[in-house]
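Colleague:
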Amino acid sequence: MTQRKDAATSSVRPGLPYVEQSGFEILGDEERAIQQAMHKFAREVMRPAGIAIDRLSAEEAIAPGSPYWEFMATAASSGIEFDATSDDVPPRELARIQAIVVEEFGWGDAGLAVSLAAAAFPNMMAKRAGNQELVELTAGKIGAWVASQPDRGSDGTMLYPAERHALAPQGNKGNLTAKISGGDIVINGQSSAWVSNGPVAQVAILSIVADYGEGFFDGEGHPHGIEVIVPLDLPGVSHGKPLEKLGKRALPQGELYFDDVRVPVRYAVSLGEDYWHGHASTWSTAGVAMGQLMTGLARGAFEYALEYVHERRQGGALLAEHQMVQSRLGAMARKVEMMRAVARRAAEYTALSPAKHPYYTGGSKVTCTDLAFEVADEALQLFGGYGLTREYPMEKLFRDARAARIEDGENHLLNMKFGYLNTLLYQGGRVGA
Ligand SMILES: Cc1cc2nc3c(=O)[nH]c(=O)nc-3n(C[C@H](O)[C@H](O)[C@H](O)COP(=O)(O)OP(=O)(O)OC[C@H]3O[C@@H](n4cnc5c(N)ncnc54)[C@H](O)[C@@H]3O)c2cc1C
């Protein structure tokens with residue numbers, strides 16, 4: 004009886020739950036310290052730089068002394084690196100730390116985060132290949148990853164001959180190719196205008212179709228390929244103009260041209276029979292990063308929306324006090340949680356799996372980038388008309404999120420590839436497995 008009365012009259016309510024900077028999770032002390040340091044950099048350096056660069060023309064953005072160069076210099080002098088490679092930290096822990104760090108970069112500015120990622124990419128892939136000469140050649144340089152070309156966009160992501168349309172007699176060799184002869188790789192052609200860091204890069208990893216002496220295609224009409232690291236100060240290399248575009252404007256993008264550019268075969272990080280495995284592995288790494296950094300962007304958009312609903316009054320109350328708004332915030336928060344979980348799972352799988360695969364990381368990239376777009380869109384909607392103006396941060400986040408649904412593989416294509424991968428894996432079905 005007394006107990007029942009106590010329960011009925013008690014005013015003690017459950018306290019608010021514990022949350023980290025990144026929400027509902029428990030970080031270790033070291034992880035939290037890393038997150039806080041990266042968050043400080045993202046808040047104080049990346050975000051203001053990203054906003055400033057976004058408003059410049061593509062040419063102004065990379066002119067000497069621009070906020071882009073100030074940002075790159077600050078990142079370098081602060082020891083901020085995208086690559087979390089370490090011989091001391093076990094891969095599972097490293098994958099988690101990388102996810103925490105990259106989420107903060109994405110929170111700061113998704114365009115600059117991609118610029119940092121692309122800058123580190125040739126060096127990361129040289130390390131993966133265990134090629135010390137290339138590790139030294141790429142260290143401290145601004146890198147780029149050259150895969151897409153004017154006539155070879157999604158076709159460059161086709162790993163299996165069976166993916167080609169029934170009417171296509173052979174694959175697409177594109178506009179940038181290599182010929183291997185006499186210990187040299189000779190490169191000719193051009194990349195697409197989409198190469199991240201294209202106008203500013205000093206070194207690049209090229210993932211392109213190659214002729215080893217018997218033509219560009221195998222017996223099934225599928226192209227041979229090569230992944231090769233190329234210093235961009237070699238004779239025959241030139242840079243295109245920086246690209247004007249809708250989103251991720253803080254990320255310089257543009258063509259790279261190659262006119263009889265010659266490097267030794269030892270500059271290849273994967274070639275011949277190994278090429279498709281190398282390409283798949285490189286691309287898996289990129290796909291993982293996309294999920295992490297877009298989680299950061301979505302978290303940023305959600306936080307702006309949370310702040311705004313506590314300021315704006317309509318219908319006689321703060322927006323935050325309306326149940327419909329709370330429901331919309333709940334949907335956004337769930338999406339951010341979902342993205343983080345998927346991005347972390349893809350990072351861990353890719354770090355630990357004996358056979359990782361870009362069609363899986365492509366699937367995780369689609370989940371994260373589509374959800375990031377939905378969160379950015381809803382955050383803008385919560386700002387009402389103000390969301391469309393340059394006075395508020397939403398329209399930039401919306402544009403940045405939009406770009407990610409095409410970047411690193413167009414989302415419909417990647418979705419299809421993840422489905423295709425499942426049909427390959429489970430040809431007998433999974434029932435009763
Ligand atoms: C922000 C950003 C950064 C990027 N960074 C880089 C980089 O660093 N390096 C690099 O090399 N590239 C980069 N890219 C290029 C990117 O990888 C390509 O844009 C992407 O792969 C799609 O290629 P595409 O633009 O040529 O489109 P396309 O392949 O021409 O696709 C156009 C449309 O056709 C559809 N389609 C294509 N093929 C098929 C098919 N087989 N069946 C049915 N439908 C199909 C697609 O779904 C899409 O809707 C970047 C792009 C962006 C937006």
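Going by the numbering used here, the final residue of the sequence shown carries number 436, and the count climbs one at a time with no gaps. Just so you know, even glycine gets a beta-carbon here, dropped at the ideal spot from N, CA and C. Computed from a predicted structure; not experimentally measured.
(1) Can you tell me the Cα-Cα spacing of W197 and F74, whole angstroms?
(2) If H325 sits next to G318, beta carbons under 8 Å apart, how far is it from one beta carbon to the other, in whole angstroms?
(3) Can you list the alpha helix (DSSP H) stretches of 4 or more residues lying completely in the region 125-206, in chain order?
(4) Helix, strand or coil for K8 per DSSP?
(5) Looking at the structure shown, is D214 part of a helix, part of a strand, or coil, going by DSSP?
(6) Run through DSSP, which three-state label would V268 get?
(7) Using only the heavy atoms of ligand 1, determine whether one of them is closer than 7 Å to the beta carbon of L416.
(8) Inspect the beta-carbon positions of A113 and D403 and report whether they are closer than 8 Å.
(9) For L237, collect the residues of the same chain with a Cβ closer than 6 Å to its Cβ; drop the 5 residues on either side in sequence, then sort them by chain order.
(10) Can you tell me the Cα-Cα spacing of E106 and G303, whole angstroms?
(11) Quick check on A320: does DSSP put it in helix, strand or coil?
(12) Using DSSP's beta-bridge definition, name the partner residues of G228.
(13) Reducing DSSP to helix, strand and coil, say where M419 ends up.
(14) Terminal residues of the continuous beta strand (DSSP E) containing S241?
(15) Just verifying my parser: in three-state terms, what is the DSSP assignment at G388?
(16) In this structure, how does DSSP classify Q295 when only helix, strand and coil are distinguished?
(17) Just checking, does the region 140-158 make contact with the region 49-62 on the three C-beta pairs under 8 Å criterion?
(18) Output the boundary residues of the alpha helix (DSSP H) element that contains H42.
(19) Rounded to a whole number of angstroms, what is the C-alpha to C-alpha distance between L30 and R99?
(20) Taking contact to mean at least 3 C-beta pairs separated by less than 8 Å, is the region 81-94 in contact with the region 119-127?
(21) Measuring alpha carbon to alpha carbon, tell me which of S195, A52, A344 ends up nearest A253.
(22) With distances taken from CA atoms, which of W148, V203, R167, P153 is nearest A66?
(23) Which runs of the beta strand (DSSP E) at least 3 residues long sit entirely within the region 317-381? Give them in chain order.
(24) What does the alpha-carbon distance come out to for the pair S273 and K130?
(25) Can you tell me whether A289 is buried or exposed, with buried defined as 16 or more other CB within 10 angstroms of its CB?
(26) So, is A344 buried or exposed, given that buried needs 16 or more other C-beta atoms within 10 angstroms?
(27) Give a single yes or no on whether G185 has its beta carbon closer than 7 Å to a heavy atom of ligand 1.
(28) Looking at ligand 1, does it come within less than 7 Å of T160, judged from the CB to the closest heavy atom?
(29) Would you decide whether E394 is buried or exposed? Buried here means 16 or more other CB atoms lie within 10 Å of its CB.
(30) Would you decide whether K43 is buried or exposed? Buried here means 16 or more other CB atoms lie within 10 Å of its CB.
(31) For L300 and L400, which I take to be in contact (beta-carbon distance under 8 Å), what is that distance rounded to the nearest angstrom?
(32) Taking DSSP as the reference, what is the three-state secondary structure of Q24?
(33) Taking Cβ positions, are A102 and R347 nearer each other than 8 Å?
(34) Could you check if E236 belongs to the surroundings of ligand 1, using beta carbon to heavy atom distance under 7 Å?
(35) Using alpha carbons as the reference points, say which of T160, A79, P234 lies closest to Y437.
(36) Pull up the CB-CB distance for I190 and F108, whole angstroms please, since I reckon it's below 8 Å.
Modeller: Taking the geometry as given:
(1) So the two alpha carbons sit approximately 21 Å from each other.
(2) Separation of the CB atoms of H325 and G318 is rounded to 6 Å, and the pair is thereby assigned contact status at 8 Å.
(3) Taking 4 residues as the minimum length, the alpha helix (DSSP H) runs contained wholly in the region 125-206 are 135-141, in order along the chain.
(4) Because K8 sits at a pLDDT of 47, beneath the cut-off of 50, its placement in the model cannot be relied upon, and the following sentence gives the value as read from the coordinates. Here K8 sits in helix by DSSP.
(5) Strand.
(6) Three-state DSSP puts V268 in a helix.
(7) Inclusion of L416 in the 7 Å shell around ligand 1 follows from its C-beta lying nearer than that to a non-hydrogen atom of the ligand.
(8) Contact check for A113 against D403 passes: the beta carbons are separated by less than 8 Å.
(9) For L237, where only same-chain residues beyond five positions count, the Cβ hits under 6 Å are V264.
(10) Cα-Cα distance, rounded: 10 Å.
(11) Strand, per DSSP.
(12) Per DSSP, V212.
(13) Here M419 carries a helix assignment [DSSP, helix/strand/coil].
(14) That run of the beta strand (DSSP E) goes 240-242.
(15) Helix.
(16) Here Q295 sits in helix by DSSP.
(17) Counting Cβ pairs under 8 Å, fewer than three are found: no touch.
(18) From DSSP, the alpha helix (DSSP H) with H42 extends over 32-44.
(19) Distance from the CA of L30 to the CA of R99, rounded to the nearest whole angstrom, comes to 10 Å.
(20) Per the Cβ contact rule, the region 81-94 is in contact with the region 119-127 (3 or more Cβ pairs under 8 Å).
(21) Of the listed residues, the one whose Cα sits closest to A253 is A52.
(22) It is V203.
(23) Within the region 317-381, there are no complete beta strand (DSSP E) runs of at least 3 residues.
(24) C-alpha separation (whole angstroms): 12 Å.
(25) A residue is called buried once 16 or more other Cβ atoms fall within 10 Å of its Cβ, and A289 is buried on that count.
(26) Answer is exposed; the Cβ neighbour count stays below 16.
(27) In this structure, ligand 1 has no non-hydrogen atom nearer than 7 Å to the beta-carbon of G185.
(28) It does: the Cβ of T160 is within 7 Å (strictly closer) of some heavy atom of ligand 1.
(29) It is exposed - the Cβ of E394 has fewer than 16 other Cβ atoms within 10 Å.
(30) Looking at its Cβ environment, which holds fewer than 16 other Cβ atoms inside 10 Å, K43 is exposed.
(31) Confirmed, about 6 Å.
(32) When DSSP states are grouped into helix, strand and coil, Q24 belongs to the coil group.
(33) Taking 8 Å as the cut-off, the Cβ atoms of A102 and R347 count as close.
(34) Sequence inspection shows Asp at residue 236; the Glu mentioned does not correspond to that position. Shortest gap from the CB of D236 to any heavy atom of ligand 1: 7 Å or more.
(35) Beyond the ends of the chain as shown, which are 4 and 436, falls residue 437; an answer cannot be given.
(36) Cβ atoms of I190 and F108 stay farther apart than 8 Å, at about 31 Å.
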